[in-house]
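Encoded as structure tokens, the structure appears first; notes follow it.
2 protein chains.
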Amino acid sequence: MATLNRPGADDGHICGIDTAMEVIGGKWKVLILWALHEQPHRRFGELRRLVPGITEKVLASHLREMEADGVVDRVSYEEVPPRVEYALTKDGIRLNDALEPLAAWGRERVSGP
Amino acid sequence: MATLNRPGADDGHICGIDTAMEVIGGKWKVLILWALHEQPHRRFGELRRLVPGITEKVLASHLREMEADGVVDRVSYEEVPPRVEYALTKDGIRLNDALEPLAAWGRERVSGP
DNA sequence: CTGCATCCGTTATGATACTG
DNA sequence: CAGTATCATAACGGATGCAG
């Protein structure tokens, strides 16, 4: 290959990582993925508590993006009070699995080799 | 565990991924890593060509950050004209390896399952 | 050749208040 | 409960010019 390529170029993804980076690019997305990985069918309020520091606005927009990216499923139950549940899609689960080695790297880095 | 945690919190990194995300958080860092993985001891100008679209300022600042994070080694030869070479550290190599499953995920996503 | 300084626009993230 | 609207700020990236 002559050069590496940016997202959006014809091929764009010689190493494929940029594709993934676009999906997990939000500041809190990996934590959301992680929370949904531990237990599927989390409600909005649960996620808000599980990811301390995140605002409702950012949580909502991240969830919408992840839904659009096909890694998260959103199920809205038409009841009162409202109930909405989020879960990983199959692709989201695979994404989370692919993140595990990275998590291991981070853990080693914190605790030392 | 009660909650997930942000970087900087006491534990901070229950899943360890946020640690890694901080290191690869720059827009072009994974591409720089990739370029250095293919062949160590790249020069500044080489990297600029290998990562089309990146500006000198951003390349320089990314390299400095990655050096501070201990994933890149910088070797400056005191000659004229100046020559500076960059290479992955051991930790950088392991990081790149940890990125591979993510790259695979991205590749599948582009080409279809 | 390497790469820092400055200015500047865009995007991402945050705080707060409000609605169905 | 599950969001949306609005306003404000910060972080990031890009363009250009200059220096060792």
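Protein chains in written order, with the UniProt record's numbering: chain D, 1 to 113; chain C, 1 to 113.
Think of the CB as a built atom: it goes at the ideal place given N, C-alpha and C, for glycine as much as any other residue.
DSSP, reduced to helix, strand and coil, places D/D18 within a helical segment of the structure shown. Along the UniProt domain "HTH hxlR-type" (15-113) of chain D, the beta strand (DSSP E) occurs as fully enclosed runs of 3 or more residues at 72-77 and 83-88, listed in sequence order. The beta carbon of D/P82 does not come within 8 Å of any beta carbon belonging to chain C, so the residue lies off that interface. Within the region 85-107 of chain D, those residues whose Cβ lies closer than 8 Å to any Cβ of chain C are, in chain order, D91, R94, L95, D97, A98, L99, E100, P101, L102, A103, A104, W105, G106 and R107.
Rounded to the nearest angstrom, the Cβ distance from D/R94 to C/G16 is 19 Å, too far for a contact under 8 Å.
Look at D/A20: its C-beta is under 8 Å from a C-beta on chain C. D/P82 and C/D97 have their C-alpha atoms roughly 44 Å apart.
Going by beta carbons, D/A20 and C/A103 fall inside the 8 Å limit.
Rounded to whole angstroms, D/S76 and D/R49 show a C-alpha spacing of 19 Å. Interface with chain D (8 Å Cβ-Cβ cutoff): C/G16 is included. Residue-level contact check: D/V72 does not touch chain C, since none of the beta carbons of chain C fall below 8 Å from its beta carbon. For D/S111 and C/T89, the gap between their C-alpha atoms comes out near 18 Å. Within the region 24-38 of chain D, those residues whose Cβ lies closer than 8 Å to any Cβ of chain C are, in chain order, I24, V30, L31, W34 and A35. Not flagged as an interface residue toward chain D: C/R48, since no C-beta distance is shorter than 8 Å.
Contact annotation: D/V30 and D/L99 have beta-carbon atoms nearer than 8 Å.
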